[in-house]
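Everything on this sheet refers to the single structure shown next.
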Amino acid sequence: ALGGQLSTIFMFGQTGSGKTHTMSAIEEFAAEDLFEGAAQHGGQWLSMQFIELRGNRCFDLLCPGSGTSTKELRLRENSQDGCYFAEGATEMFPESPAELIKAMQRAHRRRATSATEANSVSSRSHALCSLRCLRSKGQLTLVDCAGTERRKDSMFHSKERQAEAAEIN
Numbered sequence: 001a002l003g004g005q006l007s008t009i010f011m012f013g014q015t016g017s018g019k020t021h022t023m024s025a026i027e028e029f030a031a032e033d034l035f036e037g038a039a040q041h042g043g044q045w046l047s048m049q050f051i052e053l054r055g056n057r058c059f060d061l062l063c064p065g066s067g068t069s070t071k072e073l074r075l076r077e078n079s080q081d082g083c084y085f086a087e088g089a090t091e092m093f094p095e096s097p098a099e100l101i102k103a104m105q106r107a108h109r110r111r112a113t114s115a116t117e118a119n120s121v122s123s124r125s126h127a128l129c130s131l132r133c134l135r136s137k138g139q140l141t142l143v144d145c146a147g148t149e150r151r152k153d154s155m156f157h158s159k160e161r162q163a164e165a166a167e168i169n
């Protein structure tokens with residue numbers, strides 16, 4: 001990303017396999033590495049957006065305010081390059097690794113979670129953290145997918161949870 005390239009780290013797997021835990025460590029390493037690698041840059045050189053995809057809906061995990069409230073966003077297609085973006089997503093410009101990590105942790109607390117047979121605090125949404133290097137035009141996207149559910153694990157769930165599991169899978 002510092003060299004102007006697009007990079008993605010993608011976590012995918014079964015509920016309870018440690019995806020979110022692993023991604024949290026990767027986020028901390030990325031924050032440290034990005035700031036260390038760009039120490040010569042002054043001012044706003046890094047921007048971050050953090051969104052959640054829950055079914056067909058998109059939410060801003062960095063929206064101003066406190067608690068777990070999030071605002072719903074609209075996904076749009078860029079007519080020039082065909083890429084999708086979350087219209088109106090909050091963009092922040094962290095000035096230190098600590099500030100970036102703190103914002104990521106706050107975003108994670110706002111994610112939709114629920115108890116399942118496999119995990120007492122299962123992420124029920126996909127989270128996308130986009131870190132753009134403004135000077136190099138590079139981007140690192142960190143994707144933490146909701147856990148896939150084995151049919152036998154979700155067959156005792158409520159109808160709502162079963163529909164949610166089918167949508168996630």
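By UniProt numbering, the letter at position 14 of the sequence shown is numbered 14, and the numbering carries on one by one without gaps. Ideal Cβ positions, reconstructed from N, Cα and C, are used throughout, including at glycine. As the structure is a computational prediction, the values presented were derived from the model and not from experiment.
Beta-bridge partners of residue i, as assigned by DSSP
{"i": "I9", "result": "L142"}
{"i": "Q80", "result": "Looking at the DSSP assignment, Q80 forms no beta bridge with any residue, so it has no partner."}
{"i": "T90", "result": "T90 is not bridged to any residue."}
Cβ-Cβ distance between residue i and residue j below 8 Å
{"i": "L61", "j": "A107", "result": "yes"}
{"i": "L140", "j": "A1", "result": "yes"}
{"i": "T15", "j": "T148", "result": "yes"}
{"i": "R124", "j": "T70", "result": "no"}
{"i": "L34", "j": "L131", "result": "yes"}
Nonlocal neighbours in the same chain, by C-beta distance under 7 Å from residue i, ignoring five residues either side
{"i": "M11", "result": "K19, T22, M23, V143, D144, C145"}
{"i": "I51", "result": "C58, F59, D60, L61, L73, A86, A89, L128"}
{"i": "L100", "result": "A31, M48, P94"}
Sequence-distant residues of its chain with Cβ nearer than 6 Å to residue i (five each side left out)
{"i": "K137", "result": "G4"}
{"i": "M104", "result": "E27"}
{"i": "S120", "result": "Low confidence applies to S120: its pLDDT is 47, below 50, so where it sits in the model is not reliable enough to give any reading."}
{"i": "A166", "result": "Caution is warranted here: a pLDDT of 49 is assigned to A166, below 50, making its placement in the model unreliable, and the coordinate value is therefore given only provisionally. Here the set comprises nothing."}
Host beta strand (DSSP E) of residue i (start-end)
{"i": "F35", "result": "First-last for F35: 19-37, but that is the alpha helix (DSSP H), not the beta strand (DSSP E)."}
{"i": "L134", "result": "It is not in any beta strand (DSSP E) - L134 carries neither H nor E in the DSSP assignment."}
{"i": "S47", "result": "46-54"}
{"i": "C58", "result": "57-60"}
Proximal residues to residue i (C-beta, below 8 Å), its chain only, five neighbours per side dropped
{"i": "L134", "result": "Q44, W45, L46, S47"}
Span of the alpha helix (DSSP H) around residue i
{"i": "E99", "result": "97-109"}
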